[in-house]
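Q:
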Amino acid sequence: MGFAFFLAKKPAEVKPVAAETVPGELAVDLNEKQLQAIKIGVVGTRTFVIERQAVGTIDFNQNRLTQVFTPYQGRIIAALPNVGDRVEKDQVLFTIDSPDLLNAESALIAAAGVLKLQNATLARAQKMKSFGGASQQAVDQSASDQQTAEGNLKSARDAVRIFGKTDEEIDNIIALRKADPRLVVKSPMTGYVTTRNAAPGLFVQPGVAPPPFTVADLSTMWLFANVPETETPLFKVGQRLKAHVAAYPGRDFDGTITVLGPSVDPNTRRIFVRSEIEDPQHLLRGGMFADFTIRLDDAVNATAVPAAAVVREGDGSMSAWTTKDDRHFVRRTVKVGHIQEGYDQILEGLKRGERVVVEGAVFLSNKLAGGSTD
860 MGFAFFLAKK
870 PAEVKPVAAE
880 TVPGELAVDL
890 NEKQLQAIKI
900 GVVGTRTFVI
910 ERQAVGTIDF
920 NQNRLTQVFT
930 PYQGRIIAAL
940 PNVGDRVEKD
950 QVLFTIDSPD
960 LLNAESALIA
970 AAGVLKLQNA
980 TLARAQKMKS
990 FGGASQQAVD
1000 QSASDQQTAE
1010 GNLKSARDAV
1020 RIFGKTDEEI
1030 DNIIALRKAD
1040 PRLVVKSPMT
1050 GYVTTRNAAP
1060 GLFVQPGVAP
1070 PPFTVADLST
1080 MWLFANVPET
1090 ETPLFKVGQR
1100 LKAHVAAYPG
1110 RDFDGTITVL
1120 GPSVDPNTRR
1130 IFVRSEIEDP
1140 QHLLRGGMFA
1150 DFTIRLDDAV
1160 NATAVPAAAV
1170 VREGDGSMSA
1180 WTTKDDRHFV
1190 RRTVKVGHIQ
1200 EGYDQILEGL
1210 KRGERVVVEG
1220 AVFLSNKLAG
1230 GSTD
């Protein structure tokens, strides 16, 4: 749940002045023993930086995550990396025994054999023609058949090349006249293996879940959070933020809001905010709880007192106790603004330099109400 909070700087030194007594204000006097229960300070100023905070979860950046499927059906005969392993682009992830590749290579070997035969037939026809043993028509037919065989071989080579075979590997298949049905599937990107469903003996097909491997670039992560609909105007795409996780207390992870939800959840009356978090050291993990902080406005230099100096009275009003002689105390109704790091911003009721009770203010309110003063 989002809430406002404010950073504060150390107050500047100020010269004490006498508290002003306003007609109608309530006052109490303390004896020496009672004075030991309180502490008196001076109203000062602090710098408040207005921010918002929201809680969410870390997830993988789906724009930098790839599910690696097999391009052709087959049975896995080897699966190499494990979850958490770093892989480079074009590194082999798994190998399958592919009947489609076997058929393509068999057609390649056959096409190469036909071309070899047609080359020999054409050479023989040309030689026989030179001795008058063959007609020009026979030579032309042999040349046509040879050209057809060349085209068929080129098509067969292209069909095998689709499976990722190099020209050198294709030439080797033709030379050895031996088909190799092993099809390797490589990583399309550099990253880390986040899921592995591949295992030797498993039959896989293109696009059929689950994917044998999932590879993700972890240099950036996503943070999903939900904020109240009333705070929607405060968040904008492109705003910079600081994210925090319990695993690394006190550490900031820089990020940017990338998406604001298009609709409000009818049950929670919240919208989701998605941010992209920079994580070059790969410290964040998917599923971590996190919170983020966004600075919304310029710093405010304002009158402030320690939070213990302000008392919420029974009627809901806020008050502080002022003094001019450290013995006679006057209750002053105050209006509180921002609250952060143990300090309250005072909008009305106190002035900079006035002396106030900063510890034990509740004791004075109880005394005024007739409570215990011992």
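With my numbering applied, the sequence shown covers 860 to 1233. By construction, the Cβ of each residue, glycine as well, lies at the ideal position given by its N, Cα and C atoms.
1) Within the chosen definition, does the region 1175 to 1188 reach the region 933 to 950 through at least 3 CB pairs nearer than 8 Å?
2) Going by CA-CA distance only, name the one from 1037, 891, 1189 and 1065 that's closest to residue 1263.
3) Go through the region 1093 to 1119 residue by residue and report every complete run of the beta strand (DSSP E) that reaches 3 residues or more, in order.
4) From the DSSP output, read off the bridge partner residues of residue 1187.
5) Tell me which same chain residues have a C-beta within less than 7 Å of the C-beta of residue 1149, skipping the five on either side of it?
6) Going straight from the alpha carbon of residue 936 to that of residue 997, what length do you get?
7) Within the same chain, show all residues whose beta-carbon is closer than 7 Å to that of residue 1171, passing over the 5 residues directly before and after it, in chain order.
8) What first and last residue would you give for the beta strand (DSSP E) that runs through residue 1203?
9) Is the region 1117 to 1128 in contact with the region 1063 to 1072, if contact means three or more CB pairs nearer than 8 Å?
10) Using the Cα positions of residue 1005 and residue 970, report the straight-line distance between them to the nearest angstrom.
11) Counting along the chain, where does the beta strand (DSSP E) carrying residue 955 start and finish?
12) Starting from residue 1005, trace the alpha helix (DSSP H) both ways and give me its first and last residue.
13) Return helix, strand or coil for residue 987, following the three-state DSSP convention.
14) On a CA-only basis, which of 978, 1063, 985 and 1050 is nearest residue 1074? Give me that one, please.
15) For the candidate residues 1072, 1138, 920 and 1029, whose alpha-carbon lies nearest to that of residue 816?
16) Keeping to the same chain, check which residues put their C-beta closer than 8 Å to that of residue 1100; ignore five residues upstream and five downstream.
17) Can you find the residues in the same chain that come closer than 6 Å, C-beta to C-beta, to residue 1011, ignoring five residues on each side of it along the sequence?
18) Residue 1021: buried (16+ other C-beta within 10 angstroms of its C-beta) or exposed?
19) In whole angstroms, give me the CA-to-CA distance for residue 1032 and residue 1080.
20) Could you tell me if residue 902 is buried or exposed, where buried requires 16 or more neighbouring beta carbons within 10 angstroms of its beta carbon?
21) Throw me the rounded Cβ distance for the residue 1044 and residue 952 pair, which I believe falls under 8 Å.
22) Please go through the region 901 to 960 and give each complete beta strand (DSSP E) segment of 3 or more residues, from N-terminal end onward.
23) Should residue 1217 and residue 1205 be called a contact, given that it needs their Cβ atoms to be closer than 8 Å?
A: Judging by the given coordinates:
1) no
2) Residue 1263 is absent from the model: the chain starts at 860 and stops at 1233.
3) 1099 to 1104 and 1112 to 1119
4) As a working mapping, residue 1187 is identified with position 328 in the sequence shown. Note: residue 1187 sits in a beta bridge opposite 888.
5) Taking the first residue of the sequence shown as position 1, residue 1149 is located at position 290. Excluding residues within five positions, the ones whose Cβ falls inside 7 Å are 915, 916, 917, 1082, 1102, 1103 and 1104.
6) Sequence index remark: in the sequence shown, residue 936 carries index 77 (1-based). Sequence index remark: in the sequence shown, residue 997 carries index 138 (1-based). Going from the Cα of residue 936 to the Cα of residue 997 covers about 50 Å.
7) Here residue 1171 refers to the residue found at position 312 when the sequence shown is read from its first residue. Taken in chain order, the residues that qualify are 1177.
8) As a first step, residue 1203 must be located in the sequence shown, where it is residue number 344. Start and end: 1202 to 1207.
9) no
10) The count along the sequence shown starts at 1 and reaches residue 1005 at position 146. The count along the sequence shown starts at 1 and reaches residue 970 at position 111. Their Cα atoms are separated by approximately 11 Å.
11) As a working note, residue 955 is residue 96 in the sequence shown. Run containing residue 955: 951 to 956, per the beta strand (DSSP E) assignment.
12) For the purposes of this step, residue 1005 is taken as residue 146 along the sequence shown, with counting starting at 1. Residue 1005 -> alpha helix (DSSP H) spans 995 to 1020.
13) Here residue 987 is taken as the residue at index 128 of the sequence shown, counted from 1. Residue 987: helix per DSSP, three-state reduction.
14) The sequence position of residue 1074 within the sequence shown is 215, counting from 1. Of the candidates 978, 1063, 985 and 1050, the one whose C-alpha sits nearest the C-alpha of residue 1074 is 1050.
15) The shown model of the chain, from 860 to 1233, leaves out residue 816, and the question about it has no answer.
16) On the sequence shown, residue 1100 is found 241 positions in, with the first residue counted as 1. Excluding residues within five positions, the ones whose Cβ falls inside 8 Å are 1113, 1114, 1115, 1116, 1134, 1151, 1152 and 1153.
17) In the sequence shown, counting from the first residue as 1, residue 1011 sits at position 152. These residues qualify, in order along the chain: 970.
18) Taking the sequence shown and counting its residues from 1, one reaches residue 1021 at position 162. It is exposed - the Cβ of residue 1021 has fewer than 16 other Cβ atoms within 10 Å.
19) As a position in the sequence shown, residue 1032 is number 173, starting the count at 1. As a position in the sequence shown, residue 1080 is number 221, starting the count at 1. In a straight line, the C-alpha of residue 1032 is about 45 Å away from that of residue 1080.
20) Within the sequence shown, numbered from 1, the residue matching residue 902 stands at position 43. With 16 or more other Cβ atoms within 10 Å, it is buried.
21) One-based indexing of the sequence shown puts residue 1044 at position 185. One-based indexing of the sequence shown puts residue 952 at position 93. The Cβ separation is near 5 Å, so the contact holds.
22) 903 to 919, 924 to 927, 933 to 938 and 951 to 956
23) Here residue 1217 refers to the residue found at position 358 of the sequence shown. Here residue 1205 refers to the residue found at position 346 of the sequence shown. No, the pair does not count as a contact, with Cβ atoms beyond the cut-off.
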